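**Student:**
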Amino acid sequence: MFFQIVRKEILLNLVSFRFVVSMALLAVLVVGSLQIMASNFVRRMDDFQSSDQIHRDDMDSMNNIMQFMAFGIAKDPKPQMLGIFSIGLEQKMSSSFRVPGFIITSGGQRPDVENPLAYQEFSSMEGIEMEGSKYANPIFSLFQPPDFVYVVNIVLSLLAILFAYDCISGEKEDQTLKLMLSNAVPRDVVLLGKWVGGTLSIVIPFIMSFLLGILMVSVFWQGDLQFTEDALTRIVLILGVSTLYVMVFFLMAAVL
1304 MFFQIVRKEI LLNLVSFRFV VSMALLAVLV VGSLQIMASN FVRRMDDFQS SDQIHRDDMD
1364 SMNNIMQFMA FGIAKDPKPQ MLGIFSIGLE QKMSSSFRVP GFIITSGGQR PDVENPLAYQ
1424 EFSSMEGIEM EGSKYANPIF SLFQPPDFVY VVNIVLSLLA ILFAYDCISG EKEDQTLKLM
1484 LSNAVPRDVV LLGKWVGGTL SIVIPFIMSF LLGILMVSVF WQGDLQFTED ALTRIVLILG
1544 VSTLYVMVFF LMAAVL
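As numbered in our numbering, residues 1304 to 1559 make up the sequence shown, in order.
(1) Between Asp1355 and Gly1335, what straight-line distance do the alpha-carbon atoms span, to the nearest angstrom?
(2) Mind checking whether the beta-carbon of Ile1538 lies closer than 7 Å to any heavy atom of the ligand SAM?
(3) Among Met1340, Glu1474, Val1345, which has the Cα closest to the Cα of Leu1494?
(4) So, for Leu1332: in the same chain, excluding its five sequence neighbours on each side, which residues have a beta-carbon less than 7 Å away from its beta-carbon?
(5) Three or more beta-carbon pairs under 8 Å between the segment 1314-1330 and the segment 1502-1509, yes or no?
(6) Sort Leu1528, Ser1504, Val1488, Ser1545 by Cα distance to Gln1383 and report the nearest one.
(7) Is Lys1497 buried or exposed, if buried means 16 or more other CB atoms sit within 10 Å of its CB?
(8) Use the C-beta contact count for Asp1363: other C-beta atoms within 10 angstroms, 16 or more gives buried, fewer gives exposed.
(9) What separation, rounded to the nearest whole angstrom, lies between the Cα atoms of Leu1337 and Leu1329?
(10) Apart from the five residues on each side of it in sequence, which residues of its chain come closer than 7 Å, Cβ to Cβ, to Thr1502?
(11) Please work out which residues of its chain come closer than 8 Å, Cβ to Cβ, to Ser1460, disregarding the five sequence neighbours upstream and downstream, and give them in chain order.
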């Protein structure tokens, strides 16, 4: 009886208009999000390599130890490839760190030594100076980055509520709830079957959209993105946690 309930829920959702709309919406948002974030990652990697080369040239151009002690060593953290799926705090963190060769005075002034670098004010924290992000997307500073986690957090949770809000009340309105419960089937089996069937109706097109997005990213950015074994493992974990997130929202919407 459990599998019959699951099959019934999946078939009812497949022929519904909201399933067609949800599948099209997920395909557009997930694929579009991965493409946008992949393009942003490639641009940030190009800027990182250019900035890293500038730092190396600046180090080579220093003529004496005083210049080295005055301006220290600058280093930019490398952008993470998993930022395609979740930008996290990387967008808010500093993109350049400078370790000075001496302690800066309270006024933030350095000794007046000849230096080929342009003078720039820095903020100091425990001897390590941080510059603002030089190669961050300015649009992402104004709006939430449209990464994969954002799509799951907002859109997918709303779709789970849309599919689950009438999974029980809809049976009552169609006058099939009493007929279903009149059989020798426990209520927990009915609820579990509706939960599994409704969740699969969302998760299957979601996973298909995700795989399509990964395929398109691998094709369009083949020379710039190389997914390592460790990255693939983390991507699978992200997909698994996203699926659990959808299941929890569907359960809450169905029960509450």
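By construction, the Cβ of each residue, glycine as well, lies at the ideal position given by its N, Cα and C atoms. Source: prediction; values computed, not measured.
**Tutor:** The short version:
(1) Here residue 1355 corresponds to residue number 52 of the sequence shown, with the count starting at 1. Here residue 1335 corresponds to residue number 32 of the sequence shown, with the count starting at 1. Taking the straight line from one Cα to the other gives about 30 Å.
(2) No copy of the ligand SAM occurs in the structure displayed, which carries no ligand at all.
(3) Translated into the one-based positions of the sequence shown, residue 1494 becomes position 191. Residue nearest to Leu1494 within the set Met1340, Glu1474, Val1345 is Glu1474 (criterion: CA-CA distance).
(4) The sequence position of residue 1332 within the sequence shown is 29, counting from 1. Here Leu1332 has Val1454, Val1458 as same chain residues with Cβ atoms under 7 Å from its own Cβ, once five neighbours each way along the sequence are excluded.
(5) Counting C-beta pairs with one atom in each stretch, the segment 1314-1330 and the segment 1502-1509 have three or more that are closer than 8 Å, which means they touch.
(6) Here residue 1383 corresponds to residue number 80 of the sequence shown, with the count starting at 1. With distances taken between CA atoms, Gln1383 lies nearest to Leu1528 out of Leu1528, Ser1504, Val1488, Ser1545.
(7) As a first step, residue 1497 is located in the sequence shown; it is residue number 194 there, counting from the start. Under this definition Lys1497 is a buried residue.
(8) Position 60 of the sequence shown holds residue 1363. Asp1363 comes out exposed.
(9) Within the sequence shown, the letter at position 34 stands for residue 1337. Within the sequence shown, the letter at position 26 stands for residue 1329. Rounded to the nearest whole angstrom, the C-alpha separation of Leu1337 and Leu1329 is 12 Å.
(10) If you number the sequence shown from 1, residue 1502 lands on position 199. Once the five neighbours on either side are set aside, the close Cβ partners of Thr1502 are Val1549, Met1550, Phe1553.
(11) As a first step, residue 1460 must be located in the sequence shown, where it is residue number 157. The answer, listed in chain order, is Tyr1548, Val1549, Phe1552.
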